[in-house]
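> I'd like to ask some things about the structure below.
Protein chains: 6
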Amino acid sequence: MRIDDRQHDQLRKVQVENNYLIHPEGSVLISVGDTKVICTASVEERVPPFLRGQGKGWITAEYAMLPRATQQRNIRESSKGKVTGRTMEIQRLIGRALRSVIDLDSIGERTIWVDCDVIQADGGTRTASITGAFIAVVHAVGQLYEAKKIKSFPIKDYLAATSVGILSESGPMLDLCYIEDSQADVDMNVVMTGSGEYVELQGTGEEATFSAGQLNEMLSLASKGILELIEIQKETIGILAEKIGNE
Amino acid sequence: MRIDDRQHDQLRKVQVENNYLIHPEGSVLISVGDTKVICTASVEERVPPFLRGQGKGWITAEYAMLPRATQQRNIRESSKGKVTGRTMEIQRLIGRALRSVIDLDSIGERTIWVDCDVIQADGGTRTASITGAFIAVVHAVGQLYEAKKIKSFPIKDYLAATSVGILSESGPMLDLCYIEDSQADVDMNVVMTGSGEYVELQGTGEEATFSAGQLNEMLSLASKGILELIEIQKETIGILAEKIGNE
Amino acid sequence: MRIDDRQHDQLRKVQVENNYLIHPEGSVLISVGDTKVICTASVEERVPPFLRGQGKGWITAEYAMLPRATQQRNIRESSKGKVTGRTMEIQRLIGRALRSVIDLDSIGERTIWVDCDVIQADGGTRTASITGAFIAVVHAVGQLYEAKKIKSFPIKDYLAATSVGILSESGPMLDLCYIEDSQADVDMNVVMTGSGEYVELQGTGEEATFSAGQLNEMLSLASKGILELIEIQKETIGILAEKIGNE
Amino acid sequence: MRIDDRQHDQLRKVQVENNYLIHPEGSVLISVGDTKVICTASVEERVPPFLRGQGKGWITAEYAMLPRATQQRNIRESSKGKVTGRTMEIQRLIGRALRSVIDLDSIGERTIWVDCDVIQADGGTRTASITGAFIAVVHAVGQLYEAKKIKSFPIKDYLAATSVGILSESGPMLDLCYIEDSQADVDMNVVMTGSGEYVELQGTGEEATFSAGQLNEMLSLASKGILELIEIQKETIGILAEKIGNE
Amino acid sequence: MRIDDRQHDQLRKVQVENNYLIHPEGSVLISVGDTKVICTASVEERVPPFLRGQGKGWITAEYAMLPRATQQRNIRESSKGKVTGRTMEIQRLIGRALRSVIDLDSIGERTIWVDCDVIQADGGTRTASITGAFIAVVHAVGQLYEAKKIKSFPIKDYLAATSVGILSESGPMLDLCYIEDSQADVDMNVVMTGSGEYVELQGTGEEATFSAGQLNEMLSLASKGILELIEIQKETIGILAEKIGNE
Amino acid sequence: MRIDDRQHDQLRKVQVENNYLIHPEGSVLISVGDTKVICTASVEERVPPFLRGQGKGWITAEYAMLPRATQQRNIRESSKGKVTGRTMEIQRLIGRALRSVIDLDSIGERTIWVDCDVIQADGGTRTASITGAFIAVVHAVGQLYEAKKIKSFPIKDYLAATSVGILSESGPMLDLCYIEDSQADVDMNVVMTGSGEYVELQGTGEEATFSAGQLNEMLSLASKGILELIEIQKETIGILAEKIGNE
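These protein sequence lines are chains U, P, D, V, L and C, in that order. Per our numbering, the first sequence starts with residue 2, numbered consecutively. Per our numbering, the second sequence starts with residue 2, numbered consecutively. Per our numbering, the third sequence starts with residue 2, numbered consecutively. Per our numbering, the fourth sequence starts with residue 2, numbered consecutively. Per our numbering, the fifth sequence starts with residue 2, numbered consecutively. Per our numbering, the sixth sequence starts with residue 2, numbered consecutively.
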C-alpha cells in the first residue's frame with residue numbers, strides 16, 4: 002500500500018472549481034490531492050510578431066508557484082530577476098501540449114494566454130496544470146464561440162496529463178505525490194489525448210535507468226489514469242463537451 | 002448611493018478563511034468585496050546579515066498579483082526581470098506597518114516572511130493585504146509561542162488598514178472599490194492600531210489637492226472602518242486574541 | 002535646542018542657484034542646510050506611448066544620489082543593475098507632486114523630464130528635490146512660453162515640500178536633518194501648494210505610532226515651513242512668478 | 002530515400018577529434034554530419050554549497066551556440082542578458098544524463114563542468130552534445146584516475162544519444178538533420194546506456210500526436226543508432242574503455 | 002631568447018583556415034600560436050535605427066571566449082547575465098578598427114555582424130580577432146560584390162593588428178604570448194593598415210610607465226609584425242586581394 | 002583660430018574647487034572649460050577578495066554622467082539596468098592610470114574608491130576625471146598620512162591627462178571641446194606623469210587613420226598641456242605637494 006493508502010494504479014482525488022475568478026475568460030481551481038493550481042485562460046486580440054497577418058492564432062503558457070506553495074519557502078522569481086530553468090521547461094511543455102489539440106487556424110488572430118499558478122504543491126504540479134489549463138481554455142474558447150467571434154469550435158480532442166514512476170521497493174505507480182516523487186528512481190510525465198494518442202512523453206532516470214519492460218508498465222498506468230482524468234474533464238465542461246472533436 | 006449600493010461610510014463584505022494552506026506557519030485567504038488575497042507568514046530560523054548576533058528578529062513582506070487578478074492581464078514581474086516601483090512601495094509599506102505592532106526583540110533571531118499574493122483585485126489590495134497579513138502573522142507567532150520557542154507573546158496591538166477617498170461628485174467615502182478608486186480625486190491609505198493610533202498615512206491627490214477639512218473627514222471615515230476590521234480580526238483569531246497587547 | 006541650534010519650528014538655511022547648468026531647459030542647485038540637490042528639467046518633444054495623440058503632456062521624475070553624497074559610500078544603482086525600492090518611491094512621489102500643480106493639457110505633446118541628483122545628503126533629500134524641481138520646471142516651462150510654443154502658462158500654483166517628525170525627547174520638529182531623522186519616532190513628508198492645500202501626506206511610524214494630536218502638531222509645523230519655502234521660490238523665480246496661477 | 006541519401010535507419014557520419022583543446026582536462030570536437038560541437042570537461046576541486054562535506058562529487062553542464070552556428074545569426078545570450086528556456090532545458094538534460102552513468106561518490110568533492118559549444122548546427126545538437134560530452138568526461142576522469150586522485154574508475158556504463166522522428170510522408174527515421182527535423186510531426190530524443198537501458202526519453206508531437214505503435218518503431222530505431230554510437234565511443238576512448246563498468 | 006624560442010621581433014606561427022563554417026557569408030579559423038579564434042562575418046539586410054534611410058551600411062563586432070578557452074574555466078557571460086567591461090572594450094575596438102578601412106557608403110543599407118569567438122587563448126586574442134575578422138569581412142563583402150548587390154568593392158585597405166610589450170628583463174618584444182603578457186610592464190595593441198597608417202594605438206603601463214624612446218621601439222616592432230600579417234592575409238584572400246584599395 | 006578663440010596648443014581654463022563635499026575623504030569639483038566633474042576619493046578599510054591577506058591596497062574607479070550633463074538628455078544607466086561599454090572603458094582607464102603612480106603596498110589593506118561624476122559635459126570628460134581624481138586621491142591619502150595610518154606617503158609622481166586630436170581643416174589641436182571632438186578625424190587621450198613618462202596612450206581614427214608624423218605632433222601637444230595641468234595640481238594640493246615622489 003502507498004503512503005496515502007492508494008492502490009498503485011489509483012489517482013488521487015481530483016476536484017475542479019469552474020469559473021474560479023471573475024476577470025479571466027476561463028478559469029478553474031484544480032485540486033489533485035493536496036496539489037492546487039489556479040489555471041486561467043486570457044484572450045488577447047492579437048498575436049506575437051512572428052504570426053502577424055497569417056490569420057491564425059497562438060497559445061502560450063506561463064507557470065509559477067506562490068513562495069509558500071511548498072514545504073520550504075521559495076524565493077520569488079521576480080526577486081531573483083529571472084525565471085528558472087525548471088519553470089521554463091514546464092511552461093514550454095504546457096503551451097506545446099495545448100497547441101496539439103487546438104486548431105490555431107480556427108481561433109483567428111488571437112493569443113490565448115494560459116497562466117498556471119500553483120498555490121499549494123504536493124507533486125504533479127505540471128501535469129495538474131495541463132489537465133486544469135485544458136478546461137480553462139475550453140471555457141475561454143467557448144465564450145468566443147458563443148459570441149460568434151469564431152465560426153467552428155477549435156478544440157479537436159481532450160487533453161490531460163499525469164505522472165507515473167518507479168519506486169525501488171514498490172514498483173510502478175500512478176500519480177506520484179511529493180514524497181513518492183522524491184523517492185522515485187524513474188519519473189515520467191505523460192500527456193495524452195481523449196483518443197489515446199501520445200502528445201508528450203518525458204521519462205527521466207536521474208541516477209538510475211529503466212528497461213523497455215518498465216517503460217511499458219509505466220505507459221499502461223498512465224493511460225488508465227489519463228482516461229479517468231478526461232472523464233472528470235467531460236463532467237466539468239458540461240454542454241461544451243459535445244463540441245470537442247466534432248467540428 | 003454608491004455603485005455597489007453601500008453607504009459612504011460602509012465597508013465591503015469581509016471574509017477570512019483561516020489556515021488556508023497546509024505548508025505555511027500562518028495563512029489566510031482574505032476577501033474584501035471582490036478583492037481576494039492569500040496572505041502567508043513563514044518563519045525562518047535566521048535573520049538578515051545586518052541583524053545577526055543581536056538576538057532580535059525581523060519581519061519582511063512581499064506582494065504580488067497573479068497575472069489575471071485584474072481586468073486586463075498583467076505581465077509577470079518575473080518575465081519583466083524586475084519588480085515594479087508600485088510593488089516595491091507596497092511591500093515596503095506592509096513590512097513597515099507590521100513591524101510597528103510586533104516586538105522584534107521577543108521573536109528571537111528569526112525572520113517572518115510575509116507573502117501577500119492577490120488572486121483577484123477590485124481596489125484596496127494593499128490595505129486588504131495588511132489586514133490579512135496581520136492575522137497570518139498572529140497564527141505563525143502563535144505556533145512559536147505554543148511550541149515555547151518564544152517566551153512572551155510579541156504582538157503588542159491589532160493592526161488593520163483601509164482606503165478612503167474623495168470623489169468629486171459624491172464626497173468622502175470609505176473602502177473604495179476599483180471603479181471608485183479610478184474616479185477618485187484624492188486617495189488615502191490609513192493603517193491604524195487597535196488603540197486608535199496611526200501607523201501610516203499616505204494621502205495623494207494626483208492632479209488634485211485636498212484641504213485640511215477634507216483630510217479630517219477622510220481620517221474619521223478611516224477610523225470607523227478600521228475599528229470594524231479589527232473586530233473581524235478578533236473573531237478570526239479566536240483564543241490567541243486575548244494574548245495581544247497583554248504581555 | 003536642536004543639534005544645530007535651530008528652533009523646533011525653524012527651517013535650515015535655504016539657497017537656490019538658478020540656471021546652474023548650461024544644457025538643461027531649467028536647472029537649479031538647491032541647498033537646504035547641508036543637503037544639496039541638482040534639479041534639472043528637460044523638455045522632450047514627445048510623450049510616452051499611453052498618451053500619444055491626446056494633445057496633452059507628461060511630467061516624470063528621476064532621483065539618484067552620488068555614491069559619496071552620504072557618510073558611507075553607496076553602491077551605484079547602475080552597478081547593482083537595478084533601482085532600489087526607496088529610489089522608486091521617491092521618484093514616483095516627485096513626479097506625482099509636480100503633476101498636481103501643472104496643467105498637462107497646456108504643455109502640448111511634450112514630456113518634461115525632471116532629474117534630481119543629490120550631490121550631498123543631510124536629511125530631507127526628497128523634499129528638497131520637490132522644492133527645487135518646481136523651480137527648474139518653472140524655468141523650463143517659461144522658455145516654452147517665451148518661445149510661444151505654448152499659449153497659456155501651465156503652472157497653476159506653487160509647490161514645495163518639507164519633512165516634520167517627532168523625537169521622543171524633544172517633541173515635534175520642522176525640517177529634520179540626518180541625525181534628527183535617524184532618531185525620530187515618526188517621520189512625515191508633506192507636499193503643499195501655495196494656497197495651502199495638501200498634495201501629499203506620507204506619515205510613517207516605524208516601530209512607533211502617533212496620535213491624532215501629534216498629527217495636527219506636525220501638520221501645522223509643515224504648513225509654516227512650506228509657506229516660507231514658497232516665499233523663497235517666489236524670489237528665485239523672479240518675473241515669471243506673476244504668471245503662476247494667473248492663466 | 003532521405004534528403005542526404007541515407008536509409009531511414011542510418012546515422013550520419015560521426016567523427017570525433019580527441020583532445021581538441023590544450024587547456025581542458027578532457028575535450029573533443031564531435032561531428033555528426035554537419036553538426037559540430039566542442040565538448041569539454043573541466044575538473045574543479047570543490048562542489049556546490051548543497052553538497053559540501055558529503056564526500057561526493059557533482060557534474061553540471063552548460064550548452065551554447067555560436068551566433069552563426071545556424072543559417073540565421075542568433076543573438077548571443079550574453080547580449081540578451083539571459084539564458085533562453087531552450088538552452089536551460091538542454092543543459093539540464095545533458096547534466097542529468099551524464100550523472101546517471103557516473104558514480105558521484107567515487108569522484109570525491111569535485112565538480113566536473115561540462116561545456117558543449119555548438120560551432121555548427123544541422124539538427125541533433127543536444128544529442129551530439131551528450132555523445133561527445135561522455136567522451137570528454139571519460140578523458141577528464143581518466144586523468145584523475147591516472148594521477149591516483151580517485152581510487153576506482155567511476156564510469157559505470159557508456160552513454161550516447163540520438164534523435165528519431167516521424168515525417169508524415171516518409172515514416173520513422175533515425176538521426177534527423179535540420180531539414181528533416183523542421184518537417185517532422187513527431188520528434189523524440191533518446192538517451193541510452195551501453196547495456197541498452199533508457200536514461201531519458203523526450204517525445205514531442207507539436208501540433209501532432211503519435212500512437213503506441215509509432216512509439217515502438219521510434220524506440221527501436223533509436224536503440225540501433227545508439228549502439229552504433231557507443232561502438233564509435235569505444236574506439237575513440239582507447240585503453241580507458243576497458244575500465245568502464247568494471248570497477 | 003623568449004620562452005618559446007622566438008626572436009624579440011618574431012611573430013608566432015599564423016595559420017588561417019578559410020570558409021571554416023558552412024552558414025556564414027564569411028568565416029575563418031585563425032591561429033596565432035596557440036591562440037585560436039573563429040571569426041565570422043554575417044550580412045544582414047538592414048541597418049540599426051540611427052542609420053535608417055541614409056543609404057549607408059554599418060559594421061559591428063562581438064567577441065567572446067568559450068568557458069574553457071583559458072587555463073582556468075571562465076563563467077559564461079550569459080550565466081552572469083551581463084557582458085564584462087573587458088569584452089565591451091574589445092568588441093568596440095574590433096568594430097571601430099574594421100570601420101576605418103571599409104567604405105560604409107558602398108555597402109548599402111546592410112549591417113555586417115562580425116563575431117570573434119576565441120576557442121583557445123594564449124595571449125593576443127583581440128589582435129588575432131582583428132586580423133582574422135578582416136579576412137572574414139573580405140569574404141562576405143566579396144559574395145555581395147560577386148552577386149552584384151554592391152557596385153564597387155568597399156574595402157579601402159588591408160587591416161591587421163598585433164601586440165607589443167616591454168618585459169623588464171628582456172626589453173621590447175613583438176606578439177606576446179600569455180606568459181609574456183602577464184609579466185609585461187607595458188602592453189600595447191597596435192592596429193595598422195596596409196599603407197602603414199595607424200588606426201588604433203592602445204598603450205598601457207599598469208603599475209609602470211614608459212618613455213618616448215620605448216614607445217618608438219614598440220611602434221617599430223609593431224610595424225614589422227603587421228606588415229608580415231598583411232602578407233599572410235593577401236595569400237589567404239586570393240583573387241579578391243587585387244580589388245582591395247582599387248575601387 | 003579655434004571655435005573658442007584658443008591657440009592650437011592652448012588648454013581651456015582649468016579651475017579646481019578643493020574639498021567640494023563634506024563627507025568624502027577627498028573631493029574636488031574640477032572645471033576644464035565647460036566640462037565639470039565632481040571627483041571624490043573614499044577610503045574603505047578592506048580590499049576585494051583577490052587581494053585579502055596580502056597587506057596591500059587597491060584603487061578602483063567609477064564614472065558616470067548626470068542625465069542632463071549633455072546637450073540631449075541621456076537615459077540613466079540605473080534605468081537601463083546596465084553600465085554601457087563606454088562607461089566601463091572609461092572607469093577601467095581611470096583606475097589603471099591612478100594605480101600607476103600610487104604605491105599600493107604603502108596604503109595597507111584599504112580600497113580607495115574613486116568616483117567621477119560628470120555634472121556638465123563639453124568634451125574631455127575622461128581626461129578631466131583623471132586630472133581631478135588625482136587631486137582627490139592625494140587629499141584622501143593625505144588624511145591617512147596625517148592620521149599616521151600609513152607610514153610613507155604612497156604617491157610616487159603626479160598624474161594628469163588631456164586629449165589631442167586632428168581636424169581635417171585645422172590640423173593638430175590640444176584639449177578638444179565637444180564640437181571639435183565631434184569633428185575630429187583622429188582623437189587621442191594621453192595620460193602622463195610629472196616626470197614626462199607615458200601611462201596610457203589611446204589613439205583612435207574612426208573612419209580615418211594617422212601617420213607617424215601626425216602621431217608625433219599630437220604627442221608633443223599633449224606633453225605641453227599635461228605639464229601645465231600638473232602645475233595647476235601642485236598649486237591646488239598645497240603643502241602635500243612636497244611629499245609627492247619623495248618617500
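Idealized CB from N, CA, C, for every residue including glycine. All of these numbers come straight from a predicted model, not from anything done at the bench.
(1) Considering V/ALA134, what are the terminal residues of the alpha helix (DSSP H) in which it resides?
(2) Using a threshold of 8 Å, state whether the C-beta atoms of C/THR88 and C/PRO49 are closer than that.
(3) Count the CB pairs spanning the stretch 88-101 of chain L and the stretch 52-61 of chain V that are closer than 8 Å, and state whether there are at least three.
(4) Could you give the DSSP three-state label for L/LEU160: helix, strand or coil?
(5) Got a sec: is the Cβ-Cβ distance from U/SER212 to anything in chain V below 8 Å?
(6) Do the stretch 174-193 of chain D and the stretch 177-189 of chain P make contact, defined as three or more Cβ pairs closer than 8 Å?
(7) Can you grab the Cα-Cα spacing for the pair C/ILE4 / C/GLN184, in whole Å?
(8) Strictly under 8 Å for the Cβ-Cβ distance: is L/ALA209 near chain C by that measure?
(9) Find the nearest neighbour of P/LEU145 within the set P/GLN215, P/ALA42 and P/GLU218, judged by alpha-carbon distance.
(10) Taking the CB atoms as reference points, tell me whether U/SER107 and U/CYS117 lie closer together than 8 Å.
(11) Could you check what DSSP says for C/PRO50 in three-state terms: helix, strand or coil?
(12) Kindly indicate if chain L contains any beta-carbon less than 8 Å away from that of V/HIS140.
(13) In chain order, what residues of the same chain have a beta carbon less than 7 Å from the beta carbon of P/GLY1, not counting five sequence neighbours either side?
(14) With a threshold of 8 Å between beta-carbons, can V/GLY204 be considered close to chain U, or not?
(15) Would you list, in sequence order, the uninterrupted beta strand (DSSP E) runs of no fewer than 3 residues that lie entirely inside the stretch 174-205 of chain V?
(16) Do we get a CB-CB distance below 8 Å when we pair P/LYS83 with the residues of chain D?
(17) Check distances from the C-beta atoms of the stretch 55-67 of chain P to those of chain U and list, in chain order, the residues that come in under 9 Å.
(18) Give me the chain P residues within the contact set of U/THR41, using Cβ-Cβ distance strictly less than 8 Å, ordered along the chain.
(19) Checking contacts by CB at 8 Å: is U/VAL200 closer than that to chain V?
(20) Select from P/ILE103, P/ARG127 and P/VAL115 the residue whose C-alpha is nearest the C-alpha of P/LYS37.
(21) What's the call for D/SER196, buried or exposed, on a 16-neighbour Cβ count within 10 Å?
(22) Report the CB separation of L/ILE120 from L/ALA70 in whole angstroms; it is logged as a contact under 8 Å.
(23) Under 7 Å Cβ-Cβ, which residues of chain C neighbour D/GLU78?
(24) Taking C-beta pairs closer than 9 Å, name the residues in chain V that L/LEU22 reaches, listed in chain order.
(25) Does DSSP put U/MET219 in a helix, in a strand, or in coil?
(26) What does L/GLU90 reach in chain C if we use C-beta pairs closer than 8 Å?
(27) I'd like the span of the beta strand (DSSP E) that includes L/THR1, first residue to last.
(28) With DSSP as the reference, identify every bridge partner of C/VAL15, one or two as the case may be.
(29) Are the C-beta atoms of D/ARG74 and some chain C residue less than 8 Å apart?
(30) Quick one: does D/PRO25 have its CB under 8 Å from some CB of chain C?
(31) Reducing DSSP to helix, strand and coil, say where D/GLY246 ends up.
(32) Give the residues of chain V in contact with U/ARG3, contact being defined as C-beta atoms less than 9 Å apart.
(33) Given that a residue counts as buried once 16 or more other Cβ atoms are within 10 Å of its Cβ, and exposed if not, what is D/GLU236?
(34) List, in chain order, every chain U residue whose beta-carbon is nearer than 9 Å to that of P/ASP116.
In this structure, then:
(1) Per DSSP, V/ALA134 belongs to the alpha helix (DSSP H) from 126-147.
(2) no
(3) no
(4) strand
(5) yes
(6) no
(7) Each residue's Cα considered, the two are about 12 Å apart.
(8) yes
(9) P/ALA42
(10) no
(11) helix
(12) Cβ-Cβ to chain L under 8 Å: no for V/HIS140.
(13) Here chain P comprises residues numbered 2 to 248, so residue 1 of chain P is not present and cannot be evaluated.
(14) yes
(15) Fully enclosed beta strand (DSSP E) runs of 3 or longer: 187-194 and 199-205.
(16) yes
(17) GLU63, ALA65 and LEU67
(18) The answer, in chain order, is LEU67, PRO68 and ARG69.
(19) yes
(20) P/ARG127
(21) exposed
(22) Between L/ALA70 and L/ILE120 the Cβ distance is about 6 Å, and since that is below 8 Å, they are a contact.
(23) SER79
(24) LYS37, LEU67, ARG69, ALA70, ILE120 and GLN121
(25) helix
(26) GLY86, MET89, GLU90 and ARG93
(27) Outside the displayed range of chain L (2 to 248) lies residue 1 of chain L, so it cannot be described from this structure.
(28) C/VAL33
(29) yes
(30) yes
(31) coil
(32) Under the 9 Å cutoff, chain V gives no residues; its nearest Cβ is about 24 Å from U/ARG3.
(33) exposed
(34) LEU67, PRO68, ARG69, ARG74 and ARG77
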